[in-house]
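Let me begin by presenting the structure, written as structure tokens, before commenting on it.
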Amino acid sequence: MKTALIDVGGGYRAVYGTGIDDFCLKHGITFNHCYGVSAGSANLASFLAGQYQRSYKFYMEYSFRREYASWYNFRQTGDFINLDYIYSVLSNHDGEYPLDFDAFQSNPTDFTTVAADATTGKAHYFPKSRMRQDDYAICKASSAVPVVNHPYVVDGVPYFDGGIADPIPWRKAYEGGCDRIIIVLTHPKAWIRPQKKDELPARILSRTYPNAARSMWYRARTYNSESTQARMWEKSGRVLILAPRKLYGLDTLKRTKEGMAMMYRQGYSDAQAIEDFLS
Numbered sequence: 001m002k003t004a005l006i007d008v009g010g011g012y013r014a015v016y017g018t019g020i021d022d023f024c025l026k027h028g029i030t031f032n033h034c035y036g037v038s039a040g041s042a043n044l045a046s047f048l049a050g051q052y053q054r055s056y057k058f059y060m061e062y063s064f065r066r067e068y069a070s071w072y073n074f075r076q077t078g079d080f081i082n083l084d085y086i087y088s089v090l091s092n093h094d095g096e097y098p099l100d101f102d103a104f105q106s107n108p109t110d111f112t113t114v115a116a117d118a119t120t121g122k123a124h125y126f127p128k129s130r131m132r133q134d135d136y137a138i139c140k141a142s143s144a145v146p147v148v149n150h151p152y153v154v155d156g157v158p159y160f161d162g163g164i165a166d167p168i169p170w171r172k173a174y175e176g177g178c179d180r181i182i183i184v185l186t187h188p189k190a191w192i193r194p195q196k197k198d199e200l201p202a203r204i205l206s207r208t209y210p211n212a213a214r215s216m217w218y219r220a221r222t223y224n225s226e227s228t229q230a231r232m233w234e235k236s237g238r239v240l241i242l243a244p245r246k247l248y249g250l251d252t253l254k255r256t257k258e259g260m261a262m263m264y265r266q267g268y269s270d271a272q273a274i275e276d277f278l279s
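First residue of the sequence shown: 1, per full-length UniProt numbering; consecutive thereafter.
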């Protein structure tokens, strides 16, 4: 049996996944391969480093700092989310809460980070080997939300949030040989993404990155198709979907401490289903 954990991210809603990760750390649950999209990549980096509640502290404390994410940042730099502050200033070896890179690197679990190539609009899958000490550029690239952030450049290529190209990469996990796949969503399981949610951002993006804009325009169709297929696979016993029943007022760029604490606890509780699924 080869297992995979997929965290699709979702901005501040992704705190749900940190509850799942922390349950797994407390109970010694490991996986053969982890796939992270957007904020999900950061969650899983802390998980693979074995740093219990590290991600939770980022959501509950650091995210309320103006330097982290704010319209002030956007007015000053054109980036609402300060990816360098999150993944360098805070996370480097001399940062306020460093990622334990040695532990991350020595963990035998494989790790794939999903980003969207801003030029082609297609998904790009970064391998674990592209994570280097004090160089967490692939997490930045995967988390660069179109329109409110510029694309993040890695090795000369601009990237946007992986969610616009492959929002639920269960097929990638299956093609990689995984036959037991846990998918962490941050909307209720049966949620249907509305097309109009992406229309205005896609139109704005089309002025500079037309292919990425096309992927964003069809994001709802991609998400809904992948979600539907994942639910079908869940019926066969090959997939377990963990998804919040309530969002507690959270959204990609909207949060409260109370809402995030409740979402975290929901994830921690829901993670109990993993033990039975993998047994």
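Ideal placement from N, C-alpha and C gives every residue a C-beta, glycine not left out.
Bear in mind that the values here come from a model prediction, so they are computed numbers and not experimental data.
Asked	Found
Do M263 and L242 have their beta-carbon atoms positioned less than 7 Å apart in this structure?	no
Excluding the 5 residues flanking Q133 on each side, which residues of the same chain have their C-beta closer than 6 Å to its C-beta?	F101
For T113 versus I138, is the C-beta distance shorter than 7 Å?	yes
By Cβ distance, which residues of its chain are closer than 7 Å to P146, with the 5 residues on each side in sequence left out?	F160, D161, I164, P201, L205, A212, M216
Assuming T18 and Y68 are in contact, meaning their beta carbons sit under 8 Å apart, how far apart are those beta carbons, in whole angstroms?	Rounded, the Cβ-Cβ distance is 16 Å, inconsistent with contact.
Quick one: which unbroken alpha helix (DSSP H) runs of 4-plus residues sit fully inside the region 201-250? Chain order, please.	210-217, 219-235
Whole-angstrom Cβ separation of R245 and P194, contact assumed at under 8 Å?	Incorrect: roughly 20 Å between the Cβ atoms, too far for contact.
Could you tell me which residues DSSP pairs with G36 in its beta bridges?	D7, T113
Near N224, which residues of its chain fall below 6 Å by C-beta distance, leaving aside the five closest residues on each side in sequence?	I192, R193
With respect to the beta strand (DSSP E) encompassing D161, which residues constitute its N-terminal and C-terminal limits?	157-161
Expressed to the nearest angstrom, what Euclidean distance is found between the alpha-carbon atoms of I6 and D84?	24 Å
Which of the three DSSP states, helix, strand or coil, is assigned to Y125?	strand
With a threshold of 7 Å on Cβ separation, who are the neighbours of F74 within its own chain once the five nearest residues in sequence on each side are excluded?	F80, V148
Determine the closest residue to A273 out of K197, R13, F23, L48, with distance taken between C-alpha atoms.	F23
Quickly, what does DSSP pair N107 with across the bridge? List them, please.	N107 is not bridged to any residue.
Among D276, S46, E226, P167, which one has its Cα closest to the Cα of A103?	S46
Sorted by chain position, which residues of the same chain lie with C-beta nearer than 7 Å to R54's C-beta, five sequence neighbours on each side aside?	S46, Y97
Can you tell me which of the three DSSP states I192 falls into?	coil
Give the C-beta separation of R219 and P167 to the nearest angstrom, bearing in mind that I take them to be a contact with Cβ-Cβ under 8 Å.	7 Å
Can you say whether Q51 is buried or exposed, counting buried as having 16 or more other CB atoms within 10 angstroms of its CB?	buried
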